[in-house]
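K.L.:
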Amino acid sequence: MQQTEEIIEAFEKENPSISVVGSYADFGGHWDQLATQTAGGDAPDIIQMDDKYLREYADRGALLDLADVDTSAFDQEVLDNGRTADGLFGITTGINALTLGANPELFDEAGVEMPDDTTWTWEDFAEITEELSTGLDDEYGTNETNEPGGFQVWLRQQGKHLTTEEGELGYEVEDLAAYYDYWLEMMHSGAMPSAGLMAENRGASPEQQLIHTGRVALAPMWSSSLAGISESAGVEMELLRFPSRTGQAQDNGLWYKSSMFLSVSSGTEHPEEAQQFVDFMVNDVDAGLLGLTDRGLPANTEVREAVLDAIEGQDLKSAEFIEDIEDELAGPEPVPALGFSTLQDIMMRYEDELYFERLSPQEAAESVYQEMQEALE
0 MQQTEEIIEA
10 FEKENPSISV
20 VGSYADFGGH
30 WDQLATQTAG
40 GDAPDIIQMD
50 DKYLREYADR
60 GALLDLADVD
70 TSAFDQEVLD
80 NGRTADGLFG
90 ITTGINALTL
100 GANPELFDEA
110 GVEMPDDTTW
120 TWEDFAEITE
130 ELSTGLDDEY
140 GTNETNEPGG
150 FQVWLRQQGK
160 HLTTEEGELG
170 YEVEDLAAYY
180 DYWLEMMHSG
190 AMPSAGLMAE
200 NRGASPEQQL
210 IHTGRVALAP
220 MWSSSLAGIS
230 ESAGVEMELL
240 RFPSRTGQAQ
250 DNGLWYKSSM
260 FLSVSSGTEH
270 PEEAQQFVDF
280 MVNDVDAGLL
290 GLTDRGLPAN
300 TEVREAVLDA
310 IEGQDLKSAE
320 FIEDIEDELA
330 GPEPVPALGF
340 STLQDIMMRY
350 EDELYFERLS
360 PQEAAESVYQ
370 EMQEALE
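Start counting the sequence shown at 0; every next residue gets the next number (numbering that gives the first Met the number 0).
1. May I ask you to list the residues that DSSP assigns as paired with E237?
2. Excluding sequence positions up to five away, which residues of its chain have a Cβ less than 7 Å from the Cβ of Y178?
3. Quick check: the Cα distance between E301 and G93, rounded to an integer number of angstroms?
4. When the Cα atoms are used, what is the spatial distance from V111 to E165?
5. Across the region 78-94 and the region 192-205, are there enough close Cβ pairs to call them in contact, namely three or more that are closer than 8 Å?
6. Start and end of the alpha helix (DSSP H) containing G202?
7. Whose CA, out of P242, L53, F260 and V215, lies closest to the CA of E138?
8. Terminal residues of the continuous alpha helix (DSSP H) containing Y170?
9. Is the region 96-116 touching the region 184-194 in the sense that three or more CB pairs, one from each, lie closer than 8 Å?
10. Let me confirm a value: Y23 is counted as buried when at least 16 other C-beta atoms fall within 10 Å, else exposed. Which label applies?
11. With a CB to CB cut of under 8 Å and the five nearest residues on each side skipped, what residues in its chain are close to R54?
12. Hey, would you say A9 sits closer than 8 Å to D285, going by beta carbons?
13. Can you give me the C-alpha to C-alpha distance between G28 and L296, rounded to a whole angstrom?
14. Give the straight-line distance between the Cα atoms of F452 and R294, rounded to the nearest whole angstrom.
15. State the beta-bridge partners of F73 as determined by DSSP.
16. Would a C-beta distance cut-off of 8 Å place I90 and V277 closer than the cut-off?
17. Taking Q249 as the reference, give the member of Q313, S264, L238 and G330 with the closest Cα.
18. Can you tell me whether DSSP reads W119 as helix, strand or coil?
19. Is it buried or exposed for R357, if we count other Cβ within 10 angstroms and need 16 for buried?
20. Please report the straight-line C-alpha distance between Q369 and L175, rounded to a whole angstrom.
21. Cα-Cα, which of W119, V367 and L131 is closest to L239?
22. Once DSSP output is grouped into helix, strand and coil, what is the label at D107?
23. Comparing C-alpha positions only, which one of I46, N14, I210 and E13 sits nearest to F386?
24. Let me make sure I understand the geometry here. Which of A109, A125 and I210 has the alpha-carbon closest to that of L135?
25. Spell out the partners DSSP gives V263 in its beta bridges.
26. Using the C-alpha atoms, what's the distance from L315 back to R155?
27. Ends of the beta strand (DSSP E) at Y139?
28. State buried or exposed for R59, treating a residue as buried only when at least 16 other CB atoms are found within 10 Å of its CB.
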């Protein structure tokens, strides 16, 4: 909030005829409030947007095409994260990637070497996490992945996607059944906690989850969370690539996700001024130095270079990881389909059925697939 206010102040100093008033809410409250405001024709001029909600607003005509914002310093794939067939409705403020956060203190405690994340496979991951759990006392090798992100990585390693550009499911039931079978076996081997503890972990506030309390050696996290999780866990976490099927880094399935978009309401009475502020926020170097990595590593490559020179510690480590994987990426994810925001809840609900073994991997996969299809219709 403070960084945003400083950016607003800098913009108003350069543009004294324009006044910008910020409005703030927590993540859940933001979307509830935005839905109410949009339905009532009273949406804010400028909206902080997330990819899983982008089409829900863009496809209903609630967002302005941001063709007038300068995007010349953006990589095309990053820019396309906010584009649908109808136009550019979200400008990426920053990028991050789904990674595995590694707790080096737990590796040391268990007497296990940190893996080479450029060559390891899913079989290696299973062996290492089981070894970690065996060597730890009341801590664990890993916990279930950050859904639907973990499943997206799994699918991308096979050239598939969770949803397609056409807004349909991009996988088959058998893909999810194999994924569930892998993780259920991980629980049986002791590589991850019991079903009960994992259910508690999913329902806990972020600061009480296993990765934040330093009780899991390897767990999925977004790269931009590195500094915050390191602070809460009391250890300087490391970032690792996901394992692959082939043991080759270029097959790890990672991608640059937009950590946040800036969108503009199609009902704004100030379309030029709103786009001018978006332009300033993503393209002005001084604005970038005020925001640093608060909204991810800046998407504008010129701003990014300035920010890289200004950060240190875990923020710099996260930024360097993002740069290290650039040549391994296999393209962006399709813009999430209309209804995508419900898919995470569906997967998390059926994880209880899977891990408590009330449903088999095949049965859980069939139920998830059916509910996802209904959510996207």
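Here a beta-carbon is modelled for each residue, glycine too, at the ideal position from N, C-alpha and C.
P.N.:
The relevant details are as follows:
1. The residue given as residue 237 occupies position 238 in the sequence shown. The partner list for E237 (beta bridge, DSSP) reads A101.
2. Locating residue 178 in the sequence shown gives position 179, counting from the first residue. Around Y178: F150 and W153.
3. Numbered from its first residue, the sequence shown carries residue 301 at position 302. Numbered from its first residue, the sequence shown carries residue 93 at position 94. The straight-line gap from Cα to Cα measures roughly 12 Å.
4. Numbered from its first residue, the sequence shown carries residue 111 at position 112. Numbered from its first residue, the sequence shown carries residue 165 at position 166. Their Cα atoms are separated by approximately 45 Å.
5. no
6. Taking the sequence shown and counting its residues from 1, the one referred to as residue 202 is at position 203. Run containing G202: A194 to G202, per the alpha helix (DSSP H) assignment.
7. Translated into the one-based positions of the sequence shown, residue 138 becomes position 139. Per the Cα distances, V215.
8. As a working mapping, residue 170 is identified with position 171 in the sequence shown. Counting along the chain, Y170 falls outside any alpha helix (DSSP H), and DSSP gives it neither H nor E.
9. no
10. The residue labelled residue 23 in the question sits at position 24 within the sequence shown. With fewer than 16 other Cβ atoms within 10 Å, it is exposed.
11. Here the question's residue 54 lines up with position 55 in the sequence shown. Contacts found: T83, G166, V334, P335, A336, L337 and F339.
12. Indexing the sequence shown from 1 puts residue 9 at position 10. Indexing the sequence shown from 1 puts residue 285 at position 286. Yes.
13. Translated into the one-based positions of the sequence shown, residue 28 becomes position 29. Translated into the one-based positions of the sequence shown, residue 296 becomes position 297. Rounded to the nearest angstrom, the two C-alpha atoms are 25 Å apart.
14. What the structure shows of the chain is the stretch from 0 to 376, and residue 452 is not part of that stretch, so it cannot be assessed.
15. The residue given as residue 73 occupies position 74 in the sequence shown. Looking at the DSSP assignment, F73 forms a beta bridge with N299.
16. Looking up residue 90 in the sequence shown gives position 91. Looking up residue 277 in the sequence shown gives position 278. The answer is yes: Cβ separation under 8 Å.
17. The count along the sequence shown starts at 1 and reaches residue 249 at position 250. Q249 has its Cα closest to that of G330, out of Q313, S264, L238 and G330.
18. As a first step, residue 119 must be located in the sequence shown, where it is residue number 120. W119: coil per DSSP, three-state reduction.
19. As a first step, residue 357 must be located in the sequence shown, where it is residue number 358. Exposed, since its Cβ has fewer than 16 Cβ neighbours within 10 Å.
20. By one-based count along the sequence shown, residue 369 stands at place 370. By one-based count along the sequence shown, residue 175 stands at place 176. If I take the Cα positions, the gap works out to 12 Å.
21. On the sequence shown, residue 239 is found 240 positions in, with the first residue counted as 1. For the residues W119, V367 and L131, the minimum Cα distance to L239 belongs to W119.
22. For the purposes of this step, residue 107 is taken as residue 108 along the sequence shown, with counting starting at 1. Note: D107 maps to helix in three-state DSSP.
23. With the chain running from 0 to 376 in the structure shown, residue 386 is simply not present.
24. Here residue 135 is taken as the residue at index 136 of the sequence shown, counted from 1. Closest option to L135, Cα to Cα, is A109.
25. Stepping through the sequence shown from its first residue, residue 263 is reached at position 264. According to DSSP, which records beta bridges pairwise, V263 is partnered with I45.
26. The residue given as residue 155 occupies position 156 in the sequence shown. The residue given as residue 315 occupies position 316 in the sequence shown. Rounded to whole angstroms, R155 to L315 spans 27 Å at the Cα level.
27. Taking the first residue of the sequence shown as position 1, residue 139 is located at position 140. Run containing Y139: Y139 to T141, per the beta strand (DSSP E) assignment.
28. Taking the sequence shown and counting its residues from 1, the one referred to as residue 59 is at position 60. It counts as exposed.
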